[in-house]
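Structure first, commentary second.
In our numbering, the protein residues as written are 8 to 172.
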């Protein structure tokens with residue numbers, strides 16, 4: 008798609024291939040939710056599709072490099088169990104090892120939502136609770152940032168998680 012293939016997240020542009028009856032049902036639903044994609048986004052999508060794969064291939068290479076960097080950083084954080092993502096620019100570690108632990112201010116971390124909030128307050132790194140994705144023991148971090156920012160962020164996360172008792 009456009010989001011991952013051409014770094015066009017947030018442009019509200021997409022396409023699908025489906026049997027006629029499925030496409031018709033999706034068209035009805037989509038028409039009521041998000042219709043009227045702006046002409047600039049439509050032209051940008053067309054240019055992306057007609058422009059060849061070179062820029063997309065460069066982005067995929069960069070995403071893989073960042074994924075591998077982040078995975079190397081999180082393997083040094085005790086308690087994080089992180090599967091290797093196949094195509095996402097996120098990691099989704101199991102963080103349940105931190106449930107029941109206490110932050111330096113006395114706050115007990117009971118779930119992934121509380122851990123995400125704790126990390127935001129303590130490290131200024133944003134994460135999304137796995138509850139939003141049907142995986143309450145997990146937390147989602149984006150890997151779509153510059154290498155130096157990722158290294159800094161996961162260094163702060165490591166230090167912060169080590170402070171939970």
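Built from N, CA and C at the ideal position, the CB exists for glycine as well. These figures come from a predicted structure and were not determined experimentally.
Do three or more CB pairs link the segment 128-144 to the segment 58-76 at distances below 8 angstroms? no
Nearest to residue 79 (by Cα), restricted to the options 167, 169 and 150: 150
Do residue 61 and residue 18 have their CB atoms nearer than 8 angstroms? no
Rounded separation between residue 162 and residue 29 - CA only: 46 angstroms
Same chain, Cβ closer than 6 angstroms to residue 67, five either side skipped, listed in chain order: none
Below 8 angstroms, how does it come out for the segment 95-115 and the segment 141-160: are there three or more Cβ pairs, yes or no? yes
With burial defined as no fewer than 16 other Cβ atoms inside 10 Å of the residue's Cβ, what is the status of residue 77: buried or exposed? buried
Where residue 148 sits in the DSSP three-state scheme: strand
Could you please give me the residues that DSSP links to residue 97 through a beta bridge? 149
Can you check the segment 11-82 for any alpha helix (DSSP H) of at least 4 residues that lies completely inside it and give the ranges in chain order? 27-40, 46-57 and 61-81
Along the chain, where does the alpha helix (DSSP H) containing residue 86 start, and where does it finish? Careful: residue 86 lies outside any alpha helix (DSSP H) and carries neither H nor E.
Less than 8 angstroms between the beta carbons of residue 168 and residue 86, yes or no? yes
Can you check DSSP and say which residues form a bridge with residue 109? 115
Under DSSP, the alpha helix (DSSP H) around residue 140 begins and ends at which residues? First-last for residue 140: undefined, no H or E at that position.
Report the residue from 82, 128 and 141 whose alpha carbon sits nearest the alpha carbon of residue 165. 82
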